[in-house]
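FYI, the numbering used here numbers position 93 of the sequence shown as 92, with every residue one higher than the one before it. Cβ coordinates follow ideal geometry from the N, Cα and C atoms, glycine included. Okay, structure first, notes after.
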Amino acid sequence: MREELLKIIEKNSRIDLKELAVILGVEEIDVVNEMAAMEAEGIICGYHTLIDWEKTSIEKVSALIEVRVTPQRGQGFDNIAERIYKYPEVHAVYLISGGFDLLVTLEGKSLKEVSAFVSDKLSTLDSILSTATHFILKKYKDHGTILTRRYEDQREKVTP
0 MREELLKIIE KNSRIDLKEL AVILGVEEID VVNEMAAMEA EGIICGYHTL
50 IDWEKTSIEK VSALIEVRVT PQRGQGFDNI AERIYKYPEV HAVYLISGGF
100 DLLVTLEGKS LKEVSAFVSD KLSTLDSILS TATHFILKKY KDHGTILTRR
150 YEDQREKVTP
């Protein structure tokens with residue numbers, strides 16, 4: 000039940016518990032207990048709402064920052080990752096393979112604000128060797144949800 004429950008709530012965390020129990024073929028109290036257990040175990044870490052900010056009047060700039068670091072002896076990348084993720088601007092930090100070590104995602108009000116964060120805060124941390132900033136220009140799909148719809152021609156067809 001646990002794996003199926005996780006798959007369902009990953010797509011729709013607002014699903015009614017009664018409906019979830021019916022889908023899984025169990026009692027509602029079993030769903031409640033299982034979710035509480037997974038929250039206590041840290042399997043379910045939070046519930047988030049996916050917002051298409053392009054459709055609001057709120058200005059936001061998102062960026063992906065590749066970071067190359069010198070790992071610390073006996074601690075690897077954990078300490079530097081922790082220092083980075085404690086900044087409120089930072090949304091996520093991932094250890095990645097390839098030419099860079101960490102991938103940092105963040106949001107700001109403007110390109111200038113994000114650039115200032117990278118140059119004034121991130122790049123100045125001990126162990127940071129280099130960074131590469133990539134600004135997100137448009138989101139097509141996020142967390143498995145398609146944000147843009149394909150344009151369909153609404154004109155009437157003219158037949159000869």
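Which of helix, strand or coil DSSP assigns to residue i
i	result
Ile127	strand
Ile64	strand
Ile7	helix
Lys59	coil
Phe134	strand
Separation of residue j from residue i, as counted between CA atoms
i	j	result
Ile43	Glu18	19 Å
Ser56	Arg67	35 Å
Ile14	Ala36	18 Å
Arg148	Lys140	10 Å
Val92	Thr158	56 Å
Pro70	His90	22 Å
Residues that residue i bridges to, as DSSP identifies them
i	result
Glu106	Ser61
Asp141	Thr144
Proximity of residue i and residue j at Cβ, strictly below 8 Å
i	j	result
Met0	Leu16	no
Leu102	Glu155	no
Leu49	Thr144	yes
Lys54	Glu106	no
_For the segment 111-125 against the segment 75-89, do three or more pairs of beta-carbon atoms, one drawn from each stretch, fall closer than 8 Å, so that the two count as touching?_
yes
*Any chance the segment 126-135 sits against the segment 23-37, with 3 or more Cβ pairs inside 8 Å?*
no
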